[in-house]
Amino acid sequence: MAFDPELATQAYMATLKGAARAKSDAYFEGGYWLILWNFLAALAANLIVLRLGWAARLSRWARGRAGPTLAALIFAVPYLLLVTLLTSPLAIYAEFFREHAYGLSNQGFAEWGGEQLMIIAINSAIAALLWMGVHGVIRRWPTNWWVGGTALTIAVMMVTITLAPLYLEPLFNRYTPLPDGPVKTAVLKLARANGVPASNVYLVDASRQSDRISANVAGLFGTTRIALNDNLLKQDINEIRAVMAHELGHYVLNHVWKFLLSLALLIAVVFALVAKGTPWLLTRFGQRWEIEGMTDPGVLPALMIMLSAVFFVATPITNSLIRTQEQEADMFGMNAARAPDSFARIAMKLSQYRKIEPSPLEEMVFFDHPSGHTRVFTAMRWKAEHLGEPDIR
Ligand SMILES: [Zn+2]
């Protein structure tokens, strides 16, 4: 009887059932609601900061202390910390208690909290510097600031991505060269065969944080590197090959650059909407909030309300941008590793924290990676069309 990819996919799907499937569905579907709760929390926090006059007071304080450029910076730092504090109950529930409730975290509260404080410090510093720049652009071009604002945002992102492997990621995990052995031989063989320098492949101790199987590509220009995590290293060698071939796909297909380009287009549209929407918000509420216009550094919370609203609505677009690249990397990886069943087994293991069989619309709106079903079917179709070829594992 001929190999039927549809039946083969169903056979894989049937291995995740009962309580285990209900649990991973519940975990992932809860994430849909978190998108809404996070948006509402950001909205509420910014409205509190504006309505209680904190933004206005903070802005007057900053402007009394420095010129317009520096005033934007010293307004942004306490403002960002204030919003972080106001939204922290939801963040602590979502990122700590919820992860533990589903058995997806290996960290105690103190260790996790310490990491979060570092992340908050880094993010706030980057965001405050970006606001200083964007605010300068707004002062110079009050209506068309979204053009320069987009360019500046992408530039800051590029610098951050470039420096992350050198200065940010080592703050949280240890990156070491792959240990000698059959895995290293197999991974480097795959890397070289696809034009990726072997010196760019690392091992990361992600089991400190969780048991999630993962690998990633990070960096830009000379700092690009691929890291597989120690949870992945414990898997079967062909499963490791299948995952690493996917990561090599991101690298070879220049996904970081393509993503930055599409993100630039998206941010330009988003900023253009925000540039129209924020003055409208100010004409209605500016007096009550005591915000003196777009050139007041205290306009940032109003801008953030518009920004989070537009990005909330754009969730399916951002997810689809990422998911499309992930699908491309899956295809590349399939052709490079030629291990469809190993890839399917990995897709099943990842379904511990990703709903396995969503509806097509659900996948389009909420998934930033292909679902387990999509991935297994991709593998089984590839297998059906390459049956009998000698080097398939
Ligand atoms: Zn990927």
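In this note's numbering, the protein residues as written are 1 to 393. Ideal Cβ placement from N, Cα and C applies to all residues, glycine included. Keep in mind that this is a model prediction, so the values were computed, not measured.
By the neighbour-count definition (other C-beta atoms within 10 Å, threshold 16), residue 101 is an exposed residue. About 5 Å separates the CB atoms of residue 334 and residue 382; that is less than 8 Å, so the two are in contact.
Each of 196, 236 and 237 was checked against the Cα of residue 217, and the nearest Cα belongs to 196.
Annotation: residue 288 to residue 51 spans about 7 Å, alpha carbon to alpha carbon. The closest CA to that of residue 274, considering only 312, 30 and 343, is found on 312. Between the alpha carbons of residue 241 and residue 258 lies a gap of roughly 25 Å. Proximity of the beta carbon of residue 386 to ligand 1 is not indicated: no heavy atom of the ligand is located closer than 7 Å.
If you ignore the 5 residues before and after residue 160, its C-beta comes within less than 7 Å of the C-beta of 126, all in its own chain and listed in chain order. In the structure shown, residue 217 falls within a strand segment according to DSSP collapsed to helix, strand and coil. For residue 202, the enclosing beta strand (DSSP E) starts and ends at 201-204. Listed in chain order, the non-local C-beta contacts of residue 31 below 8 Å within the same chain comprise 366, local neighbours out to five positions each way being set aside. The set of residues with a C-beta under 5 Å from any non-hydrogen atom of ligand 1 comprises 326 and 329, given in chain order. Here residue 68 carries a helix assignment [DSSP, helix/strand/coil]. The C-beta distance from residue 215 to residue 175 rounds to 12 Å, too long to meet the 8 Å contact threshold.
The alpha carbon of residue 153 has as its nearest neighbour, out of 254, 162, 166 and 134, the alpha carbon of 134. Listed in chain order, the alpha helix (DSSP H) runs fully inside the stretch 258-343 are 300-313 and 315-337, counting runs of at least 4 residues.
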